[in-house]
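Each residue of the sequence shown is one higher than the one before, counting from 828 in the numbering used here.
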Amino acid sequence: MSLLKILIFPDPRLRTVAEPVGVVDESIKKLSEDMLETMYEGSGIGLAATQVNIHKRVFVIDISPDKTEPRVFIDPEIVEILNPEKKSYSEGCLSIPGFYEEVKRPSKVKVSFTDLNGQRQMDEIEDLMAVVVQHEIDHLNGKLMVDFISSVKREMIRKKLLKTKV
Ligand code: GNR
Ligand code: NI
Numbered sequence: 828m829s830l831l832k833i834l835i836f837p838d839p840r841l842r843t844v845a846e847p848v849g850v851v852d853e854s855i856k857k858l859s860e861d862m863l864e865t866m867y868e869g870s871g872i873g874l875a876a877t878q879v880n881i882h883k884r885v886f887v888i889d890i891s892p893d894k895t896e897p898r899v900f901i902d903p904e905i906v907e908i909l910n911p912e913k914k915s916y917s918e919g920c921l922s923i924p925g926f927y928e929e930v931k932r933p934s935k936v937k938v939s940f941t942d943l944n945g946q947r948q949m950d951e952i953e954d955l956m957a958v959v960v961q962h963e964i965d966h967l968n969g970k971l972m973v974d975f976i977s978s979v980k981r982e983m984i985r986k987k988l989l990k991t992k993v
């Protein structure tokens with residue numbers, strides 16, 4: 828396994844729209860392992876391929892408290908909004924380190940995706956899992972949580988992150 832480098836906002840590569848994977852091969856399996864390692868290393872609960880500059884529709888998630896439930900989603904689609912009532916959650920992002928912003932999203936959605944065995948799956952998700960899945964699908968579409976806040980706040984975050992560049 829290898830650690831991957833995470834792109835930091837306002838890196839323009841975070842705006843790339845990722846390409847569908849289609850057939851799940853060894854390179855996708857290796858990518859998802861490396862992404863899980865990178866996510867755990869950064870103490871994140873999700874990571875999209877876009878964030879590591881791989882523009883394929885893959886993301887990983889582990890919202891379990893003891894970090895023992897890795898999940899991989901390939902070519903994910905939200906097929907139905909099961910509860911359109913939006914819930915606000917204070918979101919963080921490994922590409923926007925140190926900032927947390929309230930984002931409102933539908934609280935329950937139905938998601939279809941391909942698993943690591945190449946099988947198409949369908950799942951109903953809610954609560955924190957629904958927040959993170961929607962956050963990751965946004966990444967694959969080049970969208971970031973700062974797009975939900977005021978342009979004044981976004982500009983402030985952009986300037987701070989440009990200054991603290993490592
Ligand atoms: O680690 C993360 N925590 C988080 C908290 C609330 C809503 C979404 C997230 S995802 C984030 C990791 C990340 O940047 N994924 O893209
Ligand atoms: Ni993120």
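From the three backbone atoms N, C-alpha and C, an ideal C-beta is built for every residue, glycine too. The structure displayed is predicted, hence computed values, not measured ones.
Of the residues the options, the one placed nearest residue i, counting alpha carbons only
i	options	result
E853	D974, G945 and M972	G945
E904	V885, I855, V850 and L988	V885
L841	E907, N880, I976 and F900	N880
S915	I923, L988, H962 and E907	H962
I952	E868, S917, L967 and I890	I890
I872	K883, K856, L989 and E896	E896
Backbone secondary structure at residue i - three-state DSSP
i	result
M828	coil
A845	coil
V850	coil
Y916	strand
S977	coil
Y935	According to the sequence displayed, residue 935 carries Lys and not Tyr. Note: K935 maps to strand in three-state DSSP.
P839	helix
D942	coil
E896	coil
L858	helix
K883	strand
Backbone CA spacing between residue i and residue j [nearest angstrom]
i	j	result
T865	L830	5 Å
For residue j and residue i, believed in contact at Cβ under 8 Å, the rounded distance
i	j	result
I901	T941	4 Å
N910	P924	About 31 Å; that fails the 8 Å criterion.
> Would you call the stretch 923 to 939 and the stretch 890 to 907 touching, i.e. three or more CB-CB distances under 8 Å?
Replying inline: Three or more Cβ pairs closer than 8 Å define a contact, and the stretch 923 to 939 meets that threshold against the stretch 890 to 907.
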